[in-house]
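Only one structure is covered here, and it is reproduced in the block below.
In our numbering, the protein residues as written are 36 to 376.
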């Protein structure tokens, strides 16, 4: 009875946040719906099909990381899990921690070590960032050749590179030394406990538990020793993943017969995706819709057409995943009530 009450409370809380999020974004949704009504239906449906396939590729990429760390799951299960985690991260922004917590909770339900699952999530994020940085490099070349590369694009790219480097440094530390990783996590736990002590009046996180967690994390990363070349496979899936998103952007151009070039698609996608990743808002909501048309305009796309293309692209790559993620989250908790608790 208690678990069922907790489950109901969590679902009510999450979907309440989703309703608030949709209400706050209602004006943008009205504009998107009006834009989609004017679009060429075939290319909208094609873009939707590509986005659905993108989910499957995303799950396969995550499965490759699971296999690298000797974790068991099917690509379909991981696809559903990632969709639900993405939904949590959008409606309850927490820098991605909400989605990671849900993935760790699901791992506990399956009897898998949470530290190793967290290592898989961190590696997945790193591989995804590496794949994107490769695409971003092409985007920078396009802007450089067209003499459109400005300080804003350079600073944003360097920030993205620094974020990826920080992830890589922490993971490399965990890969090389369990003791150093344990010290780092213990220091972080101490800082969190000190910050929260005035509110909870006790240690919020356990030092003993964090040491067990760091051991599981180290053991997961140590699996890379066995198959070092296997790290290439998730990156290749990541490149396919980003290529499919560029195909969605291409369909957005075709749906309104907007002239384009390969460089326009690569650079437009690269910097739209970049600002979505470094934006303070969840998935760049409100930010990408403002910056991406400016970027496309600098690539010689008419302003009104750039706005329309951006709205179609965001409808399919942002709002569609949010809706599917809500369904995945609901289905997961209907099937496994104990995982919510």
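By construction, the Cβ of each residue, glycine as well, lies at the ideal position given by its N, Cα and C atoms.
*Pick out whichever of 207, 353, 326 and 351 has its Cα sitting closest to the Cα of residue 341.*
Selected option, being the one with the closest Cα: 326.
*As assigned by DSSP and simplified to three states, the class of residue 303*: It is helical.
*Between 155, 78, 112 and 113, which lies nearest to residue 253 when the distance is taken from Cα to Cα?*
The shortest C-alpha separation from residue 253 is found at 155.
*Is DSSP giving residue 296 helix, strand or coil here?*
It is coil, neither helix nor strand.
_Rounded to whole angstroms, what is the Cα-Cα separation between residue 182 and residue 350?_
Distance between the alpha carbons of residue 182 and residue 350 is about 30 Å.
*Counting contacts by CB-CB distance shorter than 8 Å, is residue 184 in contact with chain C?*
Any reference to chain C falls outside this structure, which holds one protein chain only.
*Could you pull out every residue in the same chain whose Cβ sits closer than 7 Å to the Cβ of residue 99, ignoring the five residues on either side in sequence?*
So the list reads 268, 269 and 272, once near-sequence residues are dropped.
*As assigned by DSSP and simplified to three states, the class of residue 320*: Note: residue 320 maps to coil in three-state DSSP.
*Leaving out the 5 sequence neighbours to the left and right, which residues in its chain are closer than 8 Å to residue 196 when beta-carbon positions are compared?*
For residue 196, where only same-chain residues beyond five positions count, the Cβ hits under 8 Å are 168.
*For residue 202, which residues from the same chain have a beta carbon less than 8 Å from its beta carbon, with the 5 sequence-adjacent residues on both sides left out?*
Counting only Cβ-Cβ distances below 8 Å, and skipping sequence neighbours, we find 157, 160, 161 and 164.
*Cβ-Cβ distance between residue 118 and residue 356 below 8 Å*: A contact, by the Cβ cut-off of 8 Å.
*asked:* Please classify residue 190 as buried or exposed, where buried requires at least 16 neighbouring CB atoms within 10 angstroms.
replied: Its Cβ having fewer than 16 others within 10 Å, residue 190 is exposed.
*Between residue 280 and residue 214, what straight-line distance do the alpha-carbon atoms span, to the nearest angstrom?*
Rounded to whole angstroms, residue 280 and residue 214 show a C-alpha spacing of 40 Å.
*Closer than 6 Å by C-beta to residue 332: which residues in its own chain qualify, once you throw out the five before and the five after it? Chain order, please.*
So the qualifying residues of the chain are 338 and 341.
_Let's test the definition: count the other Cβ atoms within 10 Å of the Cβ of residue 364 and tell me whether it reaches 16, buried, or not, exposed._
By the C-beta density criterion, residue 364 is buried, having at least 16 other C-beta atoms within 10 angstroms.
_Check for me: the alpha helix (DSSP H) holding residue 273 runs from which residue to which?_
Where residue 273 is concerned, the enclosing alpha helix (DSSP H) stretches over 267-290.
*At 4 residues or longer, and completely inside the region 161-235: list those alpha helix (DSSP H) runs for me, N to C.*
Counting only runs of 4 or more residues that sit fully inside the region 161-235, the alpha helix (DSSP H) segments are 186-211 and 213-235, in chain order.
*asked:* Suppose contacts are defined by Cβ-Cβ distances below 8 Å. Is residue 343 in contact with residue 291 by that definition?
replied: Taking 8 Å as the cut-off, the beta carbon of residue 343 is found closer than this to the beta carbon of residue 291.
*Nearest to residue 358 by CA position, among 324, 97, 125 and 77, is which residue?*
The candidate whose alpha carbon is nearest that of residue 358 is 125.
_Those runs of the alpha helix (DSSP H) which lie wholly inside the region 324-354 and span at least 4 residues_ = Counting whole runs of 4 or more residues, the region 324-354 contains the alpha helix (DSSP H) stretches 338-349.
*Exposed or buried, which one is residue 455 when buried takes at least 16 other CB atoms within 10 Å?*
No answer is possible for residue 455: the residues shown for the chain start at 36 and end at 376.
*Hey, could you find the ends of the alpha helix (DSSP H) residue 115 is sitting in?*
Counting along the chain, the unbroken alpha helix (DSSP H) around residue 115 starts and ends at 110-126.
_Alpha carbons only, please: which of 150, 172, 115 and 347 is nearest the one belonging to residue 88?_
If we check each option's Cα against that of residue 88, 115 comes out closest.
_Using only the alpha-carbon positions, how far apart do residue 276 and residue 233 sit?_
Roughly 44 Å separates the two Cα atoms.
_Residue nearest to residue 334 in terms of C-alpha spacing, selected from 360, 266, 345 and 302_ = The shortest C-alpha separation from residue 334 is found at 302.
*Output the distance between the C-alpha atoms of residue 379 and residue 296, rounded to the nearest integer angstrom.*
Because the chain here runs from 36 to 376, residue 379 falls outside it and cannot be looked at.
_Beta-carbon within less than 6 Å of residue 289's beta-carbon, same chain only, minus the 5 sequence neighbours each way: which residues are those?_
For residue 289, where only same-chain residues beyond five positions count, the Cβ hits under 6 Å are 78.
*Could you tell me if residue 187 is buried or exposed, where buried requires 16 or more neighbouring beta carbons within 10 angstroms of its beta carbon?*
Here residue 187 is exposed: its Cβ has fewer than 16 other Cβ atoms, across all protein chains shown, within 10 Å.
*What three-state label does DSSP hand residue 356 in the structure shown?*
Residue 356 falls in the helix class under three-state DSSP.
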